[in-house]
Amino acid sequence: MAMLKYRDALRLAIKEEMERDPLVFCIGEGIGERGGSYKVTDQLYKQFGPGRVIDTPISEASFVGMAAGAAIVGNRPIVEILFVDFACLAMDQVINQAAKYHFMSGGQGFVPMVLRTQGGAGNSLAAQHSQSLEALFYHIPGLKLVMPSTPYDAKGLLKSSIRDSDPVVFIEHKLLYMTEGEVPEQEYLIPLGKADVKREGTDVTLVTYSHMTLKCLEAAERLAAEGVEAEVIDLRTLVPMDRDCILASVKKTGKLVIVHEACKRGGIGGDIAAMVVEEAFFDLDRPPVRIAGKNTPIPFSLNLEKLCVPSVDDIVEAVRSLG
Amino acid sequence: MNEANADLLRTMYQVALTIRRFEEAAIGQYRLWNIRGYFHPYIGEEAIAVGVISALQPDDYIVSTHRGHGHAIAKGHDTRLVMAELFGKATGYCKGRGGSMHVSNLGQFNLGANGIVGGGIPLATGAAMGMKQKGSRQVVVSFFSDGASNNGVFHECVNMAAIYRLPILYVIENNHYAVSTPVEQSTLLRDLSKRSESYGIPGLSLDGNDALRIYQAMAEPLRRARVGEGPTLIECKTYRHGGHHINDPGAYMPKEDLARWKAHDPIDVLRDYLAAAGVTEAAIQTIKARVEEEVAKAVEFASQSPQPSEVDFLQEIASL
């Protein structure tokens, strides 16, 4: 085991897959010699050259669509969008083209592309560089959606995403890039669609993903000091979602708190709550609770920004309120 | 005109006529409610698909448009399976999942029609990037309309294909209308190929109703693409023989313009070339009879094909 930063684990995943498969290539803005804004592709240009680590003009709609086109003819592109906010420029190509191609072609064609991007608040980057837009992709049949929280998960899931035959939207969190964790020296893959129980508990189920996993684990430690054992489920993959893991935990604890940074309205938490109510209503001792971002654009001032995103206190309070 | 040219002309004429008669027969089936949804006929524009695709190798890719039946037929697709797709039948190329606006056939290197105007241009450009990645000599042709050439992705993609020297031909089928908006209201340029100058690549504007001239003009763009010199922008000027789709009467199209273009019908242009090449009227009638038979068989096949299985569909989507 080596201690690696999240961004270094991602880079290692890309490097290993590019070495393994000559059809894998990276395309995006400033990912070449500059190594990307968050340095995920740092040094890859040196190893693989401009033919496989391709810098683009500021043309998101087109280079995302080009990744889809290259994928259809058998390549395995990894396209980087600097901020998930900018993915809005490419939504026709994501939603109308990449997501639907396999289906519309009657199963003839596949789109094995990965759209890597990052989102989330926390760096005072204001309303167009801080969003959590996963629900937009979650809503679209034909896309897979991955949001890892640890270096270990990031590496194993990115490798699986690259090898997957469908378009995968892989959303990193800007506050996670510098976090560290153990990553095995030997190769491993993490299958898409498997949640990870990051902490076992018997009293309440916290379902979360991405950066909020860290906050839920911190909340769980504080609750443990109060004698409440929270189970923390990190979904890791939102599509396909590991429903069985959630339902098994709720059966055990009888209480469900869903935590995500994205706006509460239309968020994934609502879908999870509805799913549990439909599938396991009588396992619940209390109504499900959603702790989510405020329904607002993200403000610039740090003190205001903090108010928009769930805090550890918010999570602890929510669990306490369940009694 | 030598014998090889006469053979080429005979083939081009047959394909163009097949497109024309296929569309007419399919419109007939639409009127009988055997085909539903949107239907954008290629009637009047046949020379472009025929001229461009005749110049390609069989394993060169094309990306088509919502007005895409002609490209599919020119690429050599089985007209029975195209018609079945229009009928939404299980035997269609896309098993009835796609329909008129989404016909694709990867086995013959047609990456598909597209319901989004301009939406196929990035896919085509990416396919060309994929060919470059693989070191392949295959070329990609991106067909799209004058309307699509006002979309941002057109400009972004032509620019990127130029800087990466991608093996692609961008073919603007300028039929003078974006749905109902005349091209004169959409741009001040009269020759859309001039847009190539903005991106540092060659451009040419052609008579889009003359399949032979189009075929001949493809040699240099294809050479450039295959040796890694990059893309070419090719405008083919043409005219729809009707509205945007078959339920649009096209009342906004001036009668005199339509009459002028119909007097320069791409099928007639090819027939005149055939006559000039010494092909007899009897031989032309033989081709016509062959086409009629093929189209009739396509309609019969589509009519008799089964609907897609509902059970299979529900299984297929369970994991989406």
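Protein chains in written order, with our numbering: chain G, 21 to 343; chain W, 846 to 1165. Backbone N, C-alpha and C define an ideal beta-carbon position, used for all residues, glycine too. Quantities reported herein were computed from a predicted structural model and do not represent experimental measurements.
- Query: Using Cβ-Cβ distances below 7 Å, what residues of the stretch 1045 to 1062 of chain W are close to chain G?
  - Reply: Those would be none; no residue qualifies.
- Message: Let me make sure I understand the geometry here. Which of G:Ile278, G:Thr199, G:Glu39 has the alpha-carbon closest to that of Lys179 of chain G?
- Response: Stepping through the first sequence from its first residue, residue 179 of chain G is reached at position 159. Out of G:Ile278, G:Thr199, G:Glu39, G:Glu39 has the C-alpha closest to the C-alpha of Lys179 of chain G.
- Item | Straight-line gap, Ala1143 of chain W to Val860 of chain W (C-alpha atoms, nearest Å) | As a working note, residue 1143 of chain W is residue 298 in the second sequence. As a working note, residue 860 of chain W is residue 15 in the second sequence. Answer to the nearest angstrom: the Cα atoms are 15 Å apart.
- Closest Cβ-Cβ distance between Arg881 of chain W and chain G: below 9 Å? Indexing the second sequence from 1 puts residue 881 of chain W at position 36. Arg881 of chain W does not count as touching chain G.
- Task: Could you tell me the distance, in whole angstroms, from the CA atom of Asp905 of chain W to the CA atom of Phe302 of chain G?
- Result: Along the second sequence, one-based indexing puts residue 905 of chain W at 60. Along the first sequence, one-based indexing puts residue 302 of chain G at 282. Taking the straight line from one Cα to the other gives about 59 Å.
- Taking 9 Å as the CB-CB cut-off, is Val188 of chain G touching chain W? For the purposes of this step, residue 188 of chain G is identified with residue 168 of the first sequence, where counting begins at 1. Closer than 9 Å: no.
- Task: Ignore the nearest five residues each way along the sequence and tell me which others in Val984 of chain W's own chain have a CB closer than 8 Å to its CB.
- Result: Translated into the one-based positions of the second sequence, residue 984 of chain W becomes position 139. Excluding residues within five positions, the ones whose Cβ falls inside 8 Å are Leu901, Gln902, Asp905, Tyr906, Ala973, Met976, Pro1012, Ile1013, Leu1014, Leu1067, Ala1070, Arg1071.
- Item | Residue span of the beta strand (DSSP E) that contains Met23 of chain G, given as start and end | The residue you call residue 23 of chain G lines up with position 3 of the first sequence. Residues 22 to 25.
- Helix, strand or coil for Ile98 of chain G per DSSP? Here residue 98 of chain G refers to the residue found at position 78 when the first sequence is read from its first residue. If DSSP states are grouped into helix, strand and coil, Ile98 of chain G belongs with the strands.
- Query: For Ala972 of chain W, which residues in chain G fall below 8 Å Cβ to Cβ?
  - Reply: Residue mapping note: residue 972 of chain W aligns to position 127 of the second sequence, counting from 1. Those within 8 Å of Ala972 of chain W in chain G are Gly89, Ala90, Ile92, Val93.
- Query: Which residue comes first and which comes last in the beta strand (DSSP E) that contains Glu200 of chain G?
  - Reply: Locating residue 200 of chain G in the first sequence gives position 180, where the first residue counts as 1. Annotation: the continuous beta strand (DSSP E) that includes Glu200 of chain G extends over 200 to 203.
- Segments assigned alpha helix (DSSP H), at least 4 residues, entirely inside the stretch 229 to 275 of chain G: With a minimum length of 4 residues, the continuous alpha helix (DSSP H) runs that stay inside the stretch 229 to 275 of chain G are 232 to 245, 263 to 273.
- Could you work out which residues of chain G lie near Gly921 of chain W, taking near to mean beta carbons separated by less than 8 Å? Position 76 of the second sequence, counted from the start, is the residue given in the question as residue 921 of chain W. Per Cβ cutoff of 8 Å: no residues; Gly921 of chain W is ~16 Å from chain G at best.
- Assuming Arg256 of chain G contacts Leu322 of chain G (C-beta within less than 8 Å), just tell me the rounded distance between them. Along the first sequence, one-based indexing puts residue 256 of chain G at 236. Along the first sequence, one-based indexing puts residue 322 of chain G at 302. With a contact defined as Cβ atoms closer than 8 Å, Arg256 of chain G and Leu322 of chain G miss out at about 29 Å.
- Query: Using the beta-carbon count (16 or more within 10 Å), is Tyr1097 of chain W buried or exposed?
  - Reply: As a first step, residue 1097 of chain W is located in the second sequence; it is residue number 252 there, counting from the start. Under the 10 Å beta carbon count, Tyr1097 of chain W is surrounded by fewer than 16 other beta carbons and is classified as exposed.
- Query: Does Glu1161 of chain W come within less than 9 Å of chain G when only Cβ atoms are used?
  - Reply: The residue you call residue 1161 of chain W lines up with position 316 of the second sequence. For Glu1161 of chain W, the answer is yes, since a Cβ of chain G falls inside 9 Å of its Cβ.
- Could you work out which residue in G:Leu109, G:Leu276, G:Ala155 is closest to Ile191 of chain G when comparing CA atoms only? Reading the first sequence from its first residue, position 171 is the one you call residue 191 of chain G. Closest in alpha carbon position to Ile191 of chain G, among G:Leu109, G:Leu276, G:Ala155, is G:Ala155.
- Query: Given 8 Å as the limit, is there contact between the stretch 86 to 105 of chain G and the stretch 40 to 50 of chain G, that is, 3 or more CB pairs closer than that?
  - Reply: Contact between the stretch 86 to 105 of chain G and the stretch 40 to 50 of chain G is present, because at least three Cβ pairs lie under 8 Å.
- Query: Using Cβ-Cβ distances below 8 Å, what residues of the stretch 210 to 232 of chain G are close to chain W?
  - Reply: Correct list: empty, as no residue qualifies.
- Item | Proximal chain W residues relative to Pro132 of chain G, where beta-carbon distance stays under 9 Å | Position 112 of the first sequence, counted from the first residue, corresponds to residue 132 of chain G. Among the residues of chain W, none has a CB under 9 Å from the CB of Pro132 of chain G; the nearest is roughly 11 Å distant.
- Query: Are the CB atoms of Asn1054 of chain W and Ala892 of chain W nearer to each other than 9 Å?
  - Reply: For the purposes of this step, residue 1054 of chain W is taken as residue 209 along the second sequence, with counting starting at 1. For the purposes of this step, residue 892 of chain W is taken as residue 47 along the second sequence, with counting starting at 1. Their beta carbons are under 9 Å apart, which means Asn1054 of chain W touches Ala892 of chain W by this criterion.
- Just the Cα atoms here: how many angstroms apart are Tyr1060 of chain W and Asp1110 of chain W? If you number the second sequence from 1, residue 1060 of chain W lands on position 215. If you number the second sequence from 1, residue 1110 of chain W lands on position 265. A direct Cα-to-Cα measurement between Tyr1060 of chain W and Asp1110 of chain W gives close to 17 Å.
- Would you list the one or two residues that DSSP bridges to Gln128 of chain G? As a first step, residue 128 of chain G is located in the first sequence; it is residue number 108 there, counting from the start. The partner list for Gln128 of chain G (beta bridge, DSSP) is empty, contrary to what the question assumes.
- Just to confirm, are Leu243 of chain G and Val224 of chain G a CB contact at a threshold of 9 Å? Position 223 of the first sequence, counted from the start, is the residue given in the question as residue 243 of chain G. Position 204 of the first sequence, counted from the start, is the residue given in the question as residue 224 of chain G. Contact flag set, yes.
- Task: Note down, in chain order, all residues in the stretch 107 to 122 of chain G with a beta-carbon under 8 Å from any beta-carbon belonging to chain W.
- Result: Per Cβ criterion, the list reads Asp112, Gln113, Asn116, Gln117, Tyr121.
- Item | C-alpha gap between Val84 of chain G and Ala250 of chain G, whole angstroms | Counting from 1 along the first sequence, the entry for residue 84 of chain G is found at position 64. Counting from 1 along the first sequence, the entry for residue 250 of chain G is found at position 230. Each residue's Cα considered, the two are about 40 Å apart.
- Extent of the continuous beta strand (DSSP E) to which Asn1019 of chain W belongs: Residue mapping note: residue 1019 of chain W aligns to position 174 of the second sequence, counting from 1. Start and end: 1013 to 1019.
- So, are the CB atoms of Gly344 of chain G and Val73 of chain G less than 9 Å apart? What the structure shows of chain G is the stretch from 21 to 343, and residue 344 of chain G is not part of that stretch, so it cannot be assessed.
- Item | Secondary structure of His280 of chain G, DSSP reduced to three states | One-based indexing of the first sequence puts residue 280 of chain G at position 260. Strand.
- Message: Please classify Asn315 of chain G as buried or exposed, where buried requires at least 16 neighbouring CB atoms within 10 angstroms.
- Response: As a first step, residue 315 of chain G is located in the first sequence; it is residue number 295 there, counting from the start. By the neighbour-count definition (other C-beta atoms within 10 Å, threshold 16), Asn315 of chain G is an exposed residue.
- Item | Partners in chain G for Gln978 of chain W, counting only beta-carbon separations shorter than 8 Å | Counting from 1 along the second sequence, the entry for residue 978 of chain W is found at position 133. By Cβ distance, chain G contributes Leu43, Phe45, Gly71, Arg72, Ala90, Asn95.
- Message: Quick check on the DSSP output: the alpha helix (DSSP H) that includes Thr989 of chain W runs from which residue to which?
- Response: To locate residue 989 of chain W, count along the second sequence from 1; it is residue 144. For the record, residue 989 of chain W in the displayed sequence is Phe; it is not Thr. The continuous stretches of alpha helix (DSSP H) do not include Phe989 of chain W, which lies in the beta strand (DSSP E) extending over residues 985 to 990.
- Quick one: list the residues of chain W neighbouring Phe302 of chain G, beta-carbon separation under 8 Å, in chain order. As a position in the first sequence, residue 302 of chain G is number 282, starting the count at 1. Per Cβ cutoff of 8 Å: no residues; Phe302 of chain G is ~25 Å from chain W at best.
- Task: Report buried or exposed for Tyr208 of chain G, applying the criterion of at least 16 other Cβ atoms within 10 angstroms of its Cβ.
- Result: In the first sequence, residue 208 of chain G corresponds to position 188, counting from 1. Around the beta-carbon of Tyr208 of chain G, fewer than 16 other beta-carbon atoms lie within 10 Å, marking it exposed.
- Item | Minimum C-alpha distance to Gly287 of chain G - residue among G:Leu258, G:Gly69, G:Asn116, G:Gly48 | As a working mapping, residue 287 of chain G is identified with position 267 in the first sequence. Of the residues G:Leu258, G:Gly69, G:Asn116, G:Gly48, the one whose Cα lies closest to the Cα of Gly287 of chain G is G:Leu258.
- Anyone know if the C-beta pair for Gly71 of chain G and Gln63 of chain G falls short of 9 Å? Position 51 of the first sequence, counted from the first residue, corresponds to residue 71 of chain G. Position 43 of the first sequence, counted from the first residue, corresponds to residue 63 of chain G. For Gly71 of chain G and Gln63 of chain G, no; Cβs fall outside 9 Å.
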